[in-house]
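A.B. asks:
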């Protein structure tokens, strides 16, 4: 009985040691993965910041104004003025489609005289 | 353990035989047994104490070791937590009210040299001069050949320059990462943003610190790592600011002014939507402060908050509003503006020595009569006038959140005599910044409540104390509207926006006393739309002169007013204001007397 207990305990210890060994490596791998992801995130943030800065730089009012001037022939962009506001009722309705009659029915005639 | 009997036969029997008392034997054995029991329990207690002592010892040793480890080891970021990305070392961005970037960071590199590691200092120096033409080859060689082990060469270099330095290929030329402050819109809102520079510098990082404007005012917020992802949101609107700068610049050139400033403010919240001061500068490359000459001529000078000027007739409306508020007059009360008027030994004159005769209070504002306003001021009295202007904030620097605003302290008369009351009533003798004037006009525009100008985006109105009654504010607005429809600011009429405002032309004071004849500050303070004001706009031109006529014209009506009108035409649509038809004034039925 005691021998069986010893063997079981030893086996248990070996099993736990193996489990701890594996967990240790799994943890280290997870930490390395986290580090990698963190550095990816950092890089992505930095790239995003550069892109945002570039977007803001390309959209700076001076540049847009110059572009609007250069492309005036094609786009005809002008500063927004008060007279460009409109009312909905100033927008014309589309013309109703024309009624096409191609199978005319003769509807005119003479009334028969009543006796 | 063998238990010794208390009365062992082996001793009892001989004792009985000898006729001795057996009690003594029993007592002795009992004593011996008690001693034994005492020793045992003592031993057990000692053992327990030892275990407890050991436990405490181990616990304290563990704590001490941990403390020692924490104290001696380098700090590391927690690697396993997902929170790490939220904390950023970079300075927070600054954005406008719609989240468009006004200031951000850009990763660049700094260039430094370690001469002991250099392979070929001559070639390195030659290569560096080819890349950076402003470097001096001889000086570089002297530095590289000397005793120095370390020297900074450039604080910020572009990626192209970095590549070129790489190609020199000297191991003694090294790069350190740098976060550079970038203002992508260039000169836009330069005075508000201010600028930034490096504080403490190390090889691997440098501190970015704000040197002016909001960058300095909110330095702590911007540098706090917890705010790395939370940009500072200003009340400025990028498009409105750009349009305002453009129009004001055009106006300044057209009117031959040497400087100009404009402030556009929301009358309910006090948010400053646009604030321009010309000439401006590029915060990416902030010029050095002027060491000689007049500071106010430097592009760094922020006219909108630092420039304290006598703003002239634009002040008259405060006198009229207070007089109405106190019940001294109504807009239709007739006041005699005939000269001569002498106060404290000084003659109070009108513009070009005109004589307007008898005028109603509304017409005094419309025609901008100095004597009329002065008479109202005398009715109000110096003390009440002071109190009113103090409530409107004309005695202290504005609370506008940029560092320069603190220096814009209004200049007040040393002694507030009757003469001061009269001159202040038409805007002379009291110098204040255009921002003060905008805040004062906002109080009239929103129905008599004080508002504090702010550069931060607000959510909802921030109306302060009441400074005048609703009725007085309405009367003042009606007078201001009349100035545009029939008075000195006729050019300010922008169809659909019902502009109301007051012009002010003040002679510039000479540095050594007295006033210039041909240098003025022309101001136009307006609110629009007059029937339900949303915004206040103050436009001020420094030394404008309009030369299209026979004689040069300098009055605000000819200079600041057209600029302000153009500006309203440009920015009101951008603010989302639809042109509206002004509600017609009710038929002229005036309550002339009431019988209670």
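Protein chains in written order, with the working numbering: chain A, 17 to 131; chain B, 368 to 963.
Don't be surprised by glycine CBs; every beta carbon is placed ideally from N, CA and C.
Check whether the segment 693-712 of chain B touches the segment 723-735 of chain B, taking contact to mean three or more Cβ pairs, one atom from each stretch, closer than 8 Å.
C.D. replies: A contact exists between the segment 693-712 of chain B and the segment 723-735 of chain B.
A.B. asks: Run through DSSP, which three-state label would residue 758 of chain B get?
C.D. replies: The answer is helix: DSSP assigns residue 758 of chain B an H, G or I state.
A.B. asks: For residue 493 of chain B, report the span of its beta strand (DSSP E) as first-last.
C.D. replies: Not the beta strand (DSSP E): residue 493 of chain B falls in the alpha helix (DSSP H), residues 488-498.
A.B. asks: Would DSSP call residue 643 of chain B helix, strand or coil?
C.D. replies: Residue 643 of chain B: strand per DSSP, three-state reduction.
A.B. asks: By Cβ distance below 6 Å, which residues in the same chain neighbour residue 792 of chain B in space, the five residues on each side in sequence not counted?
C.D. replies: Result list for residue 792 of chain B: 686, 740, 741 and 744, in chain order.
A.B. asks: Just to confirm the assignment: which complete beta strand (DSSP E) runs, minimum length 3, are found wholly within the segment 517-588 of chain B?
C.D. replies: Entirely contained in the segment 517-588 of chain B, the beta strand (DSSP E) runs reaching 3 residues are, in chain order, 518-524, 540-549, 562-568 and 573-579.
A.B. asks: Identify every residue that forms a DSSP beta bridge with residue 628 of chain B.
C.D. replies: According to DSSP, which records beta bridges pairwise, residue 628 of chain B is partnered with B:644 and B:907.
A.B. asks: Compute the distance between the beta-carbons of residue 766 of chain B and residue 819 of chain B, then report whether it is under 7 Å.
C.D. replies: Yes, they are a contact pair.
A.B. asks: From the DSSP output, in three-state form, read off residue 934 of chain B for me.
C.D. replies: Helix, per DSSP.
A.B. asks: Out of B:581, B:627 and B:376, state which residue places its alpha-carbon closest to the alpha-carbon of residue 558 of chain B.
C.D. replies: Of the listed residues, the one whose Cα sits closest to residue 558 of chain B is B:581.
A.B. asks: Could you tell me the distance, in whole angstroms, from the CA atom of residue 549 of chain B to the CA atom of residue 481 of chain B?
C.D. replies: Distance between the alpha carbons of residue 549 of chain B and residue 481 of chain B is about 29 Å.
A.B. asks: So which of B:898, B:786, B:921 and B:905 has the shortest CA-CA distance to residue 873 of chain B?
C.D. replies: It is B:921 whose Cα lies nearest to the Cα of residue 873 of chain B.
A.B. asks: Express the C-alpha separation of residue 74 of chain A and residue 775 of chain B in angstroms, rounding to a whole number.
C.D. replies: Computed Cα separation, rounded: 35 Å.
A.B. asks: Which runs of the beta strand (DSSP E), 3 residues or longer, sit entirely within the segment 725-771 of chain B?
C.D. replies: Fully enclosed beta strand (DSSP E) runs of 3 or longer: 725-727.
A.B. asks: Kindly indicate which three-state DSSP category residue 601 of chain B falls into: helix, strand or coil?
C.D. replies: DSSP places residue 601 of chain B in strand when its eight states are reduced to three.
A.B. asks: Say whether chain B places a C-beta atom closer than 7 Å to the C-beta of residue 73 of chain A.
C.D. replies: Yes, its Cβ sits closer than 7 Å to a Cβ of chain B.
A.B. asks: Could you check which residue in B:407, B:907 and B:812 has the C-alpha nearest to that of residue 637 of chain B?
C.D. replies: Ranking the options by Cα distance to residue 637 of chain B, first place goes to B:812.
A.B. asks: According to DSSP, is residue 20 of chain A part of a helix, a strand, or is it coil?
C.D. replies: It is helical.
A.B. asks: When you compare only the Cα positions, how much space is there between residue 427 of chain B and residue 376 of chain B?
C.D. replies: Spanning the two alpha carbons is a distance of roughly 57 Å.
A.B. asks: Consider the Cβ of residue 88 of chain A: report whether some Cβ of chain B lies at a distance smaller than 7 Å.
C.D. replies: Taking Cβ atoms only, chain B never reaches closer than 7 Å to residue 88 of chain A, which makes this a no.
A.B. asks: At which residues does the beta strand (DSSP E) containing residue 103 of chain A begin and terminate?
C.D. replies: Per DSSP, residue 103 of chain A belongs to no beta strand (DSSP E) and is neither H nor E.
A.B. asks: On the criterion of 16 or more Cβ atoms from any shown chain inside 10 Å, does residue 530 of chain B qualify as buried, or is it exposed?
C.D. replies: Burial call: exposed.
A.B. asks: What does DSSP give as the partner residues of residue 335 of chain B in its beta bridges?
C.D. replies: Because chain B in this structure spans residues 368 to 963, residue 335 of chain B falls outside the shown range and cannot be described.
A.B. asks: Please list the partners that residue 3 of chain A has in chain B, where partner means a Cβ-to-Cβ separation under 7 Å.
C.D. replies: Only positions 17 to 131 of chain A appear in this structure, which leaves residue 3 of chain A out of reach.
A.B. asks: Taking all protein chains shown into account, decide if residue 108 of chain A is buried (16 or more other Cβ within 10 angstroms of its Cβ) or exposed.
C.D. replies: Counting Cβ neighbours within 10 Å, residue 108 of chain A comes out exposed, since fewer than 16 surround it.
A.B. asks: Tell me, please, whether the CB atom of residue 342 of chain B is closer than 7 Å to any CB atom in chain A?
C.D. replies: Shown here, chain B extends from 368 to 963; a query on residue 342 of chain B therefore has no answer.
A.B. asks: Residue 889 of chain B bridges to which residues according to DSSP?
C.D. replies: Residue 889 of chain B pairs with B:872 and B:908.
A.B. asks: Quick test of your reading: residue 689 of chain B and residue 835 of chain B, contact by CB under 8 Å. State the CB separation rounded to the nearest angstrom.
C.D. replies: The Cβ separation is near 7 Å, so the contact holds.
A.B. asks: Please look up how many angstroms separate the CB atoms of residue 802 of chain B and residue 634 of chain B, rounded, as I've assumed it's under 8 Å.
C.D. replies: At roughly 14 Å, the Cβ-Cβ gap does not stay under 8 Å, so residue 802 of chain B and residue 634 of chain B are not in contact.
A.B. asks: CB residue 733 of chain B to CB residue 850 of chain B, shorter than 7 Å?
C.D. replies: Yes.
A.B. asks: Please compile the residues from chain A whose C-beta is within a distance smaller than 8 Å of the C-beta of residue 606 of chain B.
C.D. replies: Within chain A, the residues near residue 606 of chain B are 77.
A.B. asks: By the DSSP assignment, the beta strand (DSSP E) with residue 703 of chain B in it spans what residues?
C.D. replies: Residue 703 of chain B -> beta strand (DSSP E) spans 701-703.
A.B. asks: Pop quiz: residue 643 of chain B and residue 628 of chain B are said to be a contact at Cβ under 8 Å. What is the actual Cβ separation, rounded to whole angstroms?
C.D. replies: Their Cβ separation, rounded to whole angstroms, is 6 Å, which keeps residue 643 of chain B and residue 628 of chain B in contact under 8 Å.
A.B. asks: Could you list the residues in the segment 91-102 of chain A with a C-beta less than 8 Å from some C-beta on chain B, going in chain order?
C.D. replies: Within the segment 91-102 of chain A, the residues whose Cβ lies closer than 8 Å to some Cβ of chain B are 95, 96, 97, 98, 99, 100 and 101, listed in chain order.
A.B. asks: Using a Cβ-Cβ cut-off of 7 Å (strictly less than) and excluding sequence neighbours within five positions of residue 883 of chain B, which residues of its own chain qualify?
C.D. replies: For residue 883 of chain B, where only same-chain residues beyond five positions count, the Cβ hits under 7 Å are 874, 875 and 877.
A.B. asks: Please state whether the Cβ-Cβ distance between residue 760 of chain B and residue 682 of chain B is less than 7 Å.
C.D. replies: Against a cut-off of 7 Å, the Cβ pair of residue 682 of chain B and residue 760 of chain B comes out as no contact.
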